[in-house]
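In mature numbering (1 follows the signal peptide of the UniProt record, and there is no 0), the protein residues as written are -24 to -1, 1 to 176.
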């Protein structure tokens, strides 16, 4: 089931990604089947705090990559883009509350959890050096909570996710952002992240 959901998610993301050239202009010498893309590519990295929204489970730190395409046509003088993110977080501690059977023998017995997150968003950034951003799209989350007891829990879901943030355009090529994202699925994962992006 996991593989099927992941394949379905990646297929949906691929379909959205391949729709980007439809916004391109006609050009017989262009790279996209005779069309050129007058917008900008986005490449970057992110550092995130992952909140699994599970009782007695601490947040985890994670890292990720961002790939996207910024469309040439402005939206309200701002910019719009399609972006794909991959985030991996692990080694978050699970409270002993979830491991009561082991407390007498091992009071320091904490479990761990790990999360793999793939997001596909349409994003809007307002004009100006200092800007706000809004984003919405699909999120695939595979969250495994593994206490040292037998109470392992696994959440896998594809759901709608939204996010807000603020950022600063360093120059025409560089962007720094802080953002919060929340998915609406059973996994109920929230992330607070810092992005460092290049646009070219």
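Cβ atoms here follow ideal geometry from the backbone N, Cα and C, with glycine treated the same way. Keep in mind it's a predicted model, so treat the numbers as computed, not measured.
Less than 7 Å between the C-beta atoms of residue i and residue j, yes or no?
i: residue 173; j: residue 18; result: yes
i: residue 135; j: residue 160; result: yes
i: residue 139; j: residue 155; result: yes
i: residue 169; j: residue 24; result: yes
i: residue 117; j: residue 65; result: no
i: residue 114; j: residue 91; result: no
i: residue 40; j: residue 61; result: yes
i: residue 141; j: residue 153; result: yes
Output the boundary residues of the beta strand (DSSP E) element that contains residue i.
i: residue 187; result: The question about residue 187 has no answer, for the chain in this structure spans -24 to 176.
i: residue 37; result: 36 to 46
i: residue 21; result: 16 to 27
i: residue 151; result: 150 to 159
Run the CB neighbour count on residue i, radius 10 Å, all protein chains shown included, and call it buried at 16 or more, exposed below.
i: residue 106; result: exposed
i: residue 95; result: buried
i: residue 83; result: Legend: pLDDT at residue 83 = 42, less than 50; position of this residue unreliable, value from coordinates given subsequently. With fewer than 16 other Cβ atoms within 10 Å, it is exposed.
i: residue 148; result: exposed
i: residue 109; result: buried
i: residue 28; result: buried
i: residue 112; result: exposed
i: residue 176; result: exposed
i: residue 146; result: exposed
i: residue 89; result: buried
Assuming residue i contacts residue j (C-beta within less than 8 Å), just tell me the rounded distance between them.
i: residue 46; j: residue 16; result: 4 Å
i: residue 97; j: residue 56; result: About 11 Å separates the two Cβ atoms, so there is no contact after all.
i: residue 35; j: residue 42; result: Incorrect: roughly 21 Å between the Cβ atoms, too far for contact.
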